[in-house]
Each structure stands twice: as C-alpha cells, then as structure tokens.
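S.K.:
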Amino acid sequence: MHRRQKLPQSGGSQMSHRCTATATEPHGAIRPHSVRCEVCVSGSLTIVGLGPARPEHLTQEAVQALQAAVADPHSWRVYGLAHARALAEAIAPGLQIRSLDYLYGLTGVDRPLAYADLAEMLTRRAFSDGHHVLYLVAGSPLFYNDAVLAIRRRAAAQEQAIRLIHGMAFLDLVLDRVYWTGHSGLALWSAWNVAFDGVALDVGAPTLLVQLGEFGSSGDALNEDRSPEMLGKLRDRLRRQYPADHPVLVLYSSGPPEYRSEGRRIELSALADQPVPVYSNLWVPSIGGPDLEATLAAPSVRRMVDPLSEVLS
Ligand SMILES: C[S@@+](CC[C@H](N)C(=O)[O-])C[C@H]1O[C@@H](n2cnc3c(N)ncnc32)[C@H](O)[C@@H]1O
6 MHRRQKLPQS GGSQMSHRCT ATATEPHGAI RPHSVRCEVC VSGSLTIVGL
56 GPARPEHLTQ EAVQALQAAV ADPHSWRVYG LAHARALAEA IAPGLQIRSL
106 DYLYGLTGVD RPLAYADLAE MLTRRAFSDG HHVLYLVAGS PLFYNDAVLA
156 IRRRAAAQEQ AIRLIHGMAF LDLVLDRVYW TGHSGLALWS AWNVAFDGVA
206 LDVGAPTLLV QLGEFGSSGD ALNEDRSPEM LGKLRDRLRR QYPADHPVLV
256 LYSSGPPEYR SEGRRIELSA LADQPVPVYS NLWVPSIGGP DLEATLAAPS
306 VRRMVDPLSE VLS
C-alpha cells in the first residue's frame, strides 16, 4: 500500500514527499515499508561506535540506536562482528544482529578485499535495497577501522550521507596506565607498520603502537599464540632506533567482563619473550624524555565509592 505525503520543506516553497507506505504482516500487524520504492526516500546507513570494552562505555546516542532497533526489528538490519555483538547484546537483549564473522574465515581473501566487499554490501543494502542499516563497531569508528573507512568512502562516492554515532576509543583505556605529559606530542602507529612496512619512529616523541596482538592481515585475528612472531620483528626494527634496555610498556586489556587496563614495563630486548593478549598496545617513551612518561601508571579504581559506607566501615 502506498501513499505519498507532500511535506513543505522548512523555510522554502519546494515540496518533497515522504513514504508512508506500509506492509501487512502475515499476522495482520502493519509495519513501515522497509523495501525501497522508487518514488520514496531510500534507506539509511548508521555506523554505531559502541565503546571499547564495557557496556557502560556506550554513549546515550548509541544506546538509543540499539533500543530503537530492538523495539522495531522489522525496520532495521543490524550487522556486527563478535566483540560488537557481545556489547550490543548486553545493552539490548533480543536484538537480532547479523554476524559478519565469516569475513575472517575466508581463505585467500585478505582484509582489504573483505572490507571492500563489506562496504559494498552495506551501502547496497541501505542505498539500493532501501533498508535501514545499523553497522555496529567496537570503540570509536574513526580509529583504525578500515571497514568504516571503506564504507565512508563508498557512501561519499555515491553522494549518500551516512550517520555516524561516535564511540569512546580504546585510547582512553590505554592512556589510563601511562603518564602522558603531551609536552612532545604523541605518535600513533599500527605495530604492523613498524614491523613490516619499515616505518621509522620519531624518537623525540612518545609513540603508541596499536594492534600489537593481532597477528595477521588475514586469518584469525584473535589467535594470541602467534603474537611473538610479530613481536620479534617489531623488537628488531625498534632496536635500529632505540637501545636494548630502552623501557617500553605493554598495555593491554584483561578482557571480559571487567576489561581492566593492565600494563607491564619491560626492556625493549625482552619484547618477544612472551605472547601478548589480543587487545594489546606498546608504549614507546621518547629518548631523553621525562622519566614520568616511561613509568607504568597505577591502575585507576573502577567501582563507585559510596562516601557514607566508607565513613561507616
Ligand atoms: C583495529 S583497532 C580498533 C580500535 C577501535 N576503533 C577503538 O577505537 O577502540 C583494534 C586495536 O585497538 C586496541 N584496543 C581495542 N580495544 C582495546 C582495549 N579494550 N584495551 C586496550 N586496547 C584495545 C588494540 O591495539 C587493538 O589491536
């Protein structure tokens, strides 16, 4: 059933129409038309940053988007990888999320190709098929997320606007265990760029190397046993610029459910001596910088303090 509704645009005489088409479900309920109709507005694509770890890291905007999708499952198509799904399900039980984990299981398909394919699929679902698509990602969509980059570029090429719901980035958790002064800046690189692409660091500024525990550009990114392979290559590269006893901080997450920010301080020469968890990073203090920036910071306390019970106990 289709009805076109003429809507005056704000401040102008131009008219546009809004689709008020509905479809009747087998059980008789009426739901909004979710299939593209050529005279109507198309679907939409929303990228939702869910925060890097615990459910309470989500923004209110992200929570609202998830709750809207639970309340009206016929109108939304929700996609996400494993970590994002776990976070979303904690906030919005019953949310139907289409898994994208197959992306990491495709033999012979490297990540760039898999992400290009994902971007093509999501933009087609939204802008050609007319679905309202939610793509759930962990952390901030804007930090080291090649799939999001591919989606944004593809949508821009099609002159389609996407909605971006920002999320807290992993950086907030990681910086919890260092004392970054900011006095000589901060460099941010993927450990892979240094280990395999020959990127040299600026030794006059601290550097945060991310993706320390993800072992490959394809295959099972969550296998931490393979991490010493890359750690050895990284150590050898860094040794070209830093002395063997240069202090470095391995900064990682304790994982679910607490996702505590953990860290250990070692000498660069010991970098490959033991595996690191998947969500790991390396803080490389500058040469000649303040000792403070080479110190492992004390963990912050997570629990809320009840002043009254503190006084009574
Ligand atoms: C591909 S990046 C995506 C980051 C994401 N866009 C964000 O803003 O959180 C994944 C890397 O972020 C870091 N990371 C993600 N979650 C983390 C956490 N809970 N604790 C520490 N590092 C984390 C790790 O270096 C991991 O390899």
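Using this note's numbering, the first residue of the sequence shown is number 6, and each one after it goes up by one. Note that beta-carbon positions come from the ideal geometry of N, C-alpha and C, so glycine has one too.
1) Taking only three categories from DSSP, how would you classify I52?
2) Just grab the DSSP bridge partners of T186 for me.
3) Could you please give me the residues that DSSP links to R82 through a beta bridge?
4) Is F148 near ligand 1, with its Cβ less than 7 angstroms from a heavy atom?
5) Bridge partners for Y257 per DSSP, in chain order?
6) Assuming Y247 and L273 are in contact, meaning their beta carbons sit under 8 angstroms apart, how far apart are those beta carbons, in whole angstroms?
7) Using a Cβ-Cβ cut-off of 7 angstroms (strictly less than) and excluding sequence neighbours within five positions of R157, which residues of its own chain qualify?
8) If distances are taken between C-alpha atoms only, which option among L276, R242 and V281 comes closest to E267?
9) Please tell me whether H137 and R82 are closer than 8 angstroms, where the distance is taken between their beta carbons.
10) Any heavy atom of ligand 1 closer than 7 angstroms to the beta-carbon of T217?
11) Could you give the distance in angstroms between the alpha-carbon of V283 and the alpha-carbon of A192?
12) Evaluate the contact criterion for the region 144-151 versus the region 259-266: three or more CB pairs, one atom per stretch, below 8 angstroms.
13) At the level of alpha carbons, what is the spacing between A299 and L276?
14) Cβ-heavy atom distance between L178 and ligand 1 below 7 angstroms?
15) Can L92 and A74 be called in contact, C-beta distance under 8 angstroms?
16) Do three or more CB pairs link the region 112-128 to the region 57-65 at distances below 8 angstroms?
17) Can you tell me whether Y84 is buried or exposed, with buried defined as 16 or more other CB within 10 angstroms of its CB?
18) Compute the minimum distance between the beta carbon of P280 and the heavy atoms of ligand 1, and state whether it is under 7 angstroms.
19) Please report how far the alpha carbon of D122 lies from the alpha carbon of I52, in whole angstroms.
20) Please return the same chain residues whose Cβ sits closer than 7 angstroms to the Cβ of Y184, not counting the five positions on each side in sequence.
21) Give me, in chain order, the residues of the same chain whose beta-carbon lies closer than 8 angstroms to that of P295; leave out the 5 immediate sequence neighbours on both sides.
22) Report the partner residues of I170 according to the DSSP bridge assignment.
23) Measuring from the CB of S232, is there a heavy atom of ligand 1 at a distance below 7 angstroms?
24) Pop quiz: P304 and R182 are said to be a contact at Cβ under 8 angstroms. What is the actual Cβ separation, rounded to whole angstroms?
25) At a threshold of 7 angstroms, does P57 count as lining ligand 1 (C-beta to nearest heavy atom)?
26) At what residues does the beta strand (DSSP E) containing T64 begin and finish?
M.R.: Walking through what the data contain:
1) Note: I52 maps to strand in three-state DSSP.
2) In the DSSP output, where bridge partners are listed per residue, T186 has none listed.
3) Note: R82 sits in a beta bridge opposite V138.
4) Result yes, Cβ under 7 angstroms from ligand 1.
5) Answer is E267 and S285, bridged to Y257.
6) Right, the Cβ-Cβ distance comes to about 6 angstroms (below 8 angstroms), so this counts as a contact.
7) Counting only Cβ-Cβ distances below 7 angstroms, and skipping sequence neighbours, we find I167.
8) The option with the nearest alpha carbon to E267 is V281.
9) With contacts defined as CB atoms closer than 8 angstroms, H137 and R82 qualify as a contacting pair.
10) Inspection of the sequence shows that residue 217 is occupied by Leu rather than by Thr. Yes.
11) V283 and A192 have their C-alpha atoms spaced approximately 21 angstroms apart.
12) Touching, no, given that fewer than three Cβ pairs across the two stretches are closer than 8 angstroms.
13) A direct Cα-Cα distance of roughly 15 angstroms separates A299 from L276.
14) Yes, the Cβ of L178 comes within 7 angstroms of a heavy atom of ligand 1.
15) Between L92 and A74, the gap from beta carbon to beta carbon reaches 8 angstroms or more.
16) A contact is defined here as three or more CB-CB pairs under 8 angstroms, and the region 112-128 fails this definition with respect to the region 57-65.
17) Buried, since its Cβ has 16 or more Cβ neighbours within 10 Å.
18) No - ligand 1 has no heavy atom lying nearer than 7 angstroms to the Cβ of P280.
19) Per the coordinates, the alpha-carbon of D122 lies some 16 angstroms from the alpha-carbon of I52.
20) Around Y184: L297, E298, T300 and A302.
21) Here the set comprises T186 and H188.
22) V53.
23) No.
24) Yes, P304 and R182 are in contact; Cβ-Cβ is about 7 angstroms, under 8 angstroms.
25) Yes; taking the cut-off as 7 angstroms, the Cβ of P57 has a heavy atom of ligand 1 nearer than that.
26) Per DSSP, T64 lies in no beta strand (DSSP E) segment and is marked neither H nor E.
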